[in-house]
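Asks: Once you've had a glance at the structure underneath, I'll fire off some questions.
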Amino acid sequence: MSGSPAMARLVASLKRLPGIGEKSATRLTFFLLSAPDQVAAELSDAIVRLKLETVLCEGCYDLTDRSPCRLCADDQRDDSVVCVVEEPADLQAVERSGQFKGRYHVLGGALSPLEGMGPGHLRINELERRVRSGTIREVIFATNPNAEGEATASFIADRIRSTGISLSRIACGMPLGGDLEYADHVTVANSIENRRKLD
86 MSGSPAMARL
96 VASLKRLPGI
106 GEKSATRLTF
116 FLLSAPDQVA
126 AELSDAIVRL
136 KLETVLCEGC
146 YDLTDRSPCR
156 LCADDQRDDS
166 VVCVVEEPAD
176 LQAVERSGQF
186 KGRYHVLGGA
196 LSPLEGMGPG
206 HLRINELERR
216 VRSGTIREVI
226 FATNPNAEGE
236 ATASFIADRI
246 RSTGISLSRI
256 ACGMPLGGDL
266 EYADHVTVAN
276 SIENRRKLD
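Counting from 86, one number per residue, gives the positions in the sequence shown under our numbering.
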């Protein structure tokens with residue numbers, strides 16, 4: 086890109102974000118240059134605060150401003166049912182559906198040998214400890230409906246099946262290969278409501 090080294094650095098930084106290519110990064114750079122100084126300052130401050138003020142919940146592993154998070158601290162939620170999701174964005178998608186009133190467990194990804202994501206990279210042991218604590222009677226797998234999500238749900242189900250708890254998978258009103266975070270709340274609600282048992 087022609088222009089100043091500062092512009093080139095910002096374009097390069099923006100391109101690291103998911104879904105942002107050269108054109109979008111350049112467009113955003115020019116927008117920030119033409120916007121009032123306050124816009125850039127607020128964006129910069131918001132990014133710094135995001136990193137400083139966000140923690141991992143010790144209960145469910147969601148990203149939050151405090152631990153335990155509001156969902157884990159809510160004594161109105163059902164402690165006997167845990168919904169397992171891949172990422173915090175997936176937790177938000179399930180929560181937006183308004184259908185689920187239990188607890189959550191964020192794995193931190195999905196099994197993907199090609200990307201170097203094995204069982205040791207996910208919070209599977211932590212989930213297993215929660216299940217073996219004796220208070221959980223059902224685990225709902227809300228991993229993404231793709232090969233990695235299916236493999237992850239199947240792997241974990243095999244590890245905890247001996248506990249005798251009910252294991253289910255959200256129904257696939259979700260398109261195969263789609264990501265949960267992009268689904269509308271009605272689709273997610275139907276998927277939770279029509280979940281299927283994993284035998």
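Where a beta carbon is used, it is the ideal one built from N, C-alpha and C, also for glycine. Keep in mind it's a predicted model, so treat the numbers as computed, not measured.
Can you give me the C-alpha to C-alpha distance between Asn-231 and Lys-282, rounded to a whole angstrom?
Replies: Along the sequence shown, read from residue 1 onward, the residue named residue 231 stands at position 146. Along the sequence shown, read from residue 1 onward, the residue named residue 282 stands at position 197. Those two C-alpha atoms are separated by around 18 Å.
Asks: Tell me which same chain residues have a C-beta within less than 7 Å of the C-beta of Glu-143, skipping the five on either side of it?
Replies: Stepping through the sequence shown from its first residue, residue 143 is reached at position 58. So the list reads Ser-152 and Pro-153, once near-sequence residues are dropped.
Asks: To the nearest angstrom, how far is the alpha carbon of Ala-178 from that of Asn-229?
Replies: Position 93 of the sequence shown, counted from the first residue, corresponds to residue 178. Position 144 of the sequence shown, counted from the first residue, corresponds to residue 229. Straight-line Cα distance between these residues: approximately 11 Å.
Asks: Asp-175 to Leu-156, Cα distance in whole Å?
Replies: The sequence position of residue 175 within the sequence shown is 90, counting from 1. The sequence position of residue 156 within the sequence shown is 71, counting from 1. In a straight line, the C-alpha of Asp-175 is about 14 Å away from that of Leu-156.
Asks: Would you tell me roughly how many angstroms separate the C-alpha atoms of Ala-227 and Leu-196, rounded to the nearest one?
Replies: Locating residue 227 in the sequence shown gives position 142, counting from the first residue. Locating residue 196 in the sequence shown gives position 111, counting from the first residue. Approximately 14 Å, taken between the alpha carbons.
Asks: Could you tell me how far apart the beta carbons of Gln-184 and Glu-278 are, in whole angstroms, since I believe they sit closer than 8 Å?
Replies: As a working note, residue 184 is residue 99 in the sequence shown. As a working note, residue 278 is residue 193 in the sequence shown. Their Cβ separation, rounded to whole angstroms, is 6 Å, which keeps Gln-184 and Glu-278 in contact under 8 Å.
Asks: Given a cut-off of 9 Å on the beta-carbon distance, is the pair Arg-188 and Asp-163 in contact?
Replies: For this step, residue 188 is matched to residue 103 along the sequence shown. For this step, residue 163 is matched to residue 78 along the sequence shown. Yes, Cβ-Cβ distance for Arg-188 and Asp-163 is below 9 Å.
Asks: Classify Ile-225: buried if its beta carbon has 16 or more other beta carbons within 10 angstroms, exposed otherwise.
Replies: Taking the sequence shown and counting its residues from 1, one reaches residue 225 at position 140. Ile-225 comes out buried.
Asks: Grouping DSSP H, G and I as helix and E and B as strand, with all else coil, what is Ser-89?
Replies: By one-based count along the sequence shown, residue 89 stands at place 4. The answer is coil: DSSP assigns Ser-89 none of H, G, I, E or B.
Asks: Hey, Ile-255 and Val-216: beta-carbon distance below 9 Å or not?
Replies: The sequence position of residue 255 within the sequence shown is 170, counting from 1. The sequence position of residue 216 within the sequence shown is 131, counting from 1. Not a contact, by the Cβ cut-off of 9 Å.
Asks: Please identify the residue among Val-170, Thr-237, Val-166 and Gly-262 whose C-alpha is closest to the C-alpha of Arg-222.
Replies: Looking up residue 222 in the sequence shown gives position 137. For Arg-222, the nearest C-alpha among the options comes from Val-166.
Asks: Identify every residue that forms a DSSP beta bridge with Val-167.
Replies: Taking the sequence shown and counting its residues from 1, the one referred to as residue 167 is at position 82. Val-167 is bridged to Arg-188 and Val-224.
Asks: Within the stretch 86-150, note down every full alpha helix (DSSP H) run reaching 4 residues or more, in order along the chain.
Replies: With a minimum length of 4 residues, the continuous alpha helix (DSSP H) runs that stay inside the stretch 86-150 are 90-99, 107-119 and 122-138.
Asks: With distance defined between alpha-carbon atoms, name the residue in Ser-247, Gly-249 and Ser-253 nearest to Ala-238.
Replies: As a first step, residue 238 must be located in the sequence shown, where it is residue number 153. Taking only the C-alpha atoms, the option nearest Ala-238 is Ser-253.
Asks: Between Asp-147 and the rest of its own chain, which residues show a CB-CB distance below 6 Å, the 5 nearest in sequence each way excluded?
Replies: Walking along the sequence shown from the start, residue 147 turns up at place 62. So the qualifying residues of the chain are Cys-154, Pro-173, Leu-176 and Val-191.
Asks: Are Gly-193 and Glu-213 closer than 9 Å when you measure CB to CB?
Replies: The count along the sequence shown starts at 1 and reaches residue 193 at position 108. The count along the sequence shown starts at 1 and reaches residue 213 at position 128. No; because the gap between Cβ atoms is not below 9 Å, this pair is not in contact.
Asks: Assuming Asp-150 and Thr-139 make a contact with CB atoms under 8 Å, what is their CB distance in whole Å?
Replies: Here residue 150 is taken as the residue at index 65 of the sequence shown, counted from 1. Here residue 139 is taken as the residue at index 54 of the sequence shown, counted from 1. Contact flag correct, Cβ pair sits at about 7 Å.
Asks: Ignore the nearest five residues each way along the sequence and tell me which others in Phe-116's own chain have a CB closer than 7 Å to its CB.
Replies: Numbered from its first residue, the sequence shown carries residue 116 at position 31. No residues qualify anywhere along the chain.
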